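Participant: Once you've had a glance at the structure underneath, I'll fire off some questions.
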Amino acid sequence: MNAPIFRQPIMTSSWFHKLDPAKFQRIGVSRGVPRNTAAGFRKYPKLNPGGWFNSVTPDRYLKLYNAEILAPLNPTKVVEELREMAGDKIPVLLCWEPATPGDQWCHRGIVSAWLYDRLGLDVYEYGHEKEGFGWSHPKLHPTLRKASMLEPNS
Numbered sequence: 001m002n003a004p005i006f007r008q009p010i011m012t013s014s015w016f017h018k019l020d021p022a023k024f025q026r027i028g029v030s031r032g033v034p035r036n037t038a039a040g041f042r043k044y045p046k047l048n049p050g051g052w053f054n055s056v057t058p059d060r061y062l063k064l065y066n067a068e069i070l071a072p073l074n075p076t077k078v079v080e081e082l083r084e085m086a087g088d089k090i091p092v093l094l095c096w097e098p099a100t101p102g103d104q105w106c107h108r109g110i111v112s113a114w115l116y117d118r119l120g121l122d123v124y125e126y127g128h129e130k131e132g133f134g135w136s137h138p139k140l141h142p143t144l145r146k147a148s149m150l151e152p153n154s
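The C-terminal residue of the sequence shown carries number 154 in this note's numbering, and the numbering is unbroken.
Encoded structure:
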């Protein structure tokens with residue numbers, strides 16, 4: 001974990017949160033992009049949720065997202081690809097849900113937990129760093145916080 005990719009931050013946020021384009025590279029991990037979104041963003045569809053994304057319970061969502069989306073991926077390679085996409089900027093993974101804690105939960109919290117479990121990365125929600133990362137990420141559904149994907153047969 002001493003490789004340079006692990007020392008550089010990765011963050012999460014909402015498509016609707018203003019980010020300084022000189023410092024941050026917006027990278028979409030949602031199934032779509034809001035209309036009239038300013039140019040300059042990139043897309044990383046490997047982390048997009050499945051078609052079930054708005055029709056299952058949070059627990060089922062976690063299981064499906066882990067099995068169908070995350071399990072086939074190599075987390076080190078994901079981080080390398082995100083870093084490459086961002087160049088000299090901080091990659092910020094974007095989805096639709098508001099950035100504020102307490103609003104709708106979002107799969108970007110699951111991505112934070114996955115990168116923490118697999119690589120020890122602290123992936124914070126931009127502007128809400130004091131709220132936590134990993135299994136304490138503010139965009140995780142409350143019933144999923146402090147759980148772990150590292151269960152037998154997962």
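All residues carry an ideal CB built from backbone N, CA and C; glycine is no exception.
Predicted, not measured: the structure shown is a model, and the values here were computed from it.
Can you look up residue 93 in the DSSP assignment and give me helix, strand or coil?
Facilitator: Mapped onto the sequence shown, residue 93 falls at position 93. Strand.
Participant: Does the beta-carbon distance from residue 127 to residue 99 come in below 8 angstroms?
Facilitator: Along the sequence shown, one-based indexing puts residue 127 at 127. Along the sequence shown, one-based indexing puts residue 99 at 99. Contact flag set, yes.
Participant: Helix, strand or coil for residue 35, going by three-state DSSP, please let me know.
Facilitator: Numbered from 1 along the sequence shown, position 35 holds the residue referred to as residue 35. Residue state, collapsed to three classes: coil.
Participant: Thinking C-beta only, is residue 14 closer than 8 angstroms to residue 114?
Facilitator: Walking along the sequence shown from the start, residue 114 turns up at place 114. Walking along the sequence shown from the start, residue 14 turns up at place 14. No. Outside cutoff.
Participant: Whose C-alpha, out of 60, 116 and 69, is nearest the C-alpha of residue 46?
Facilitator: Sequence index remark: in the sequence shown, residue 46 carries index 46 (1-based). Ranking the options by Cα distance to residue 46, first place goes to 69.
Participant: Going along the chain, which residues of its own chain have a beta-carbon closer than 6 angstroms to the beta-carbon of residue 9, five neighbours each way excluded?
Facilitator: Stepping through the sequence shown from its first residue, residue 9 is reached at position 9. Here the set comprises 90.
Participant: Only counting the same chain, and skipping five residues up and downstream in sequence, which positions put a Cβ closer than 6 angstroms to that of residue 106?
Facilitator: Start at 1 with the first residue of the sequence shown, and residue 106 comes out as number 106. For residue 106, where only same-chain residues beyond five positions count, the Cβ hits under 6 angstroms are 95, 97 and 139.
Participant: Using only the alpha-carbon positions, how far apart do residue 36 and residue 28 sit?
Facilitator: The residue labelled residue 36 in the question sits at position 36 within the sequence shown. The residue labelled residue 28 in the question sits at position 28 within the sequence shown. Cα-Cα distance, rounded: 14 angstroms.
Participant: From the DSSP secondary-structure annotation, give me the bridge partner or partners of residue 136.
Facilitator: Position 136 of the sequence shown, counting from 1, holds the residue named residue 136. Residue 136 is not bridged to any residue.
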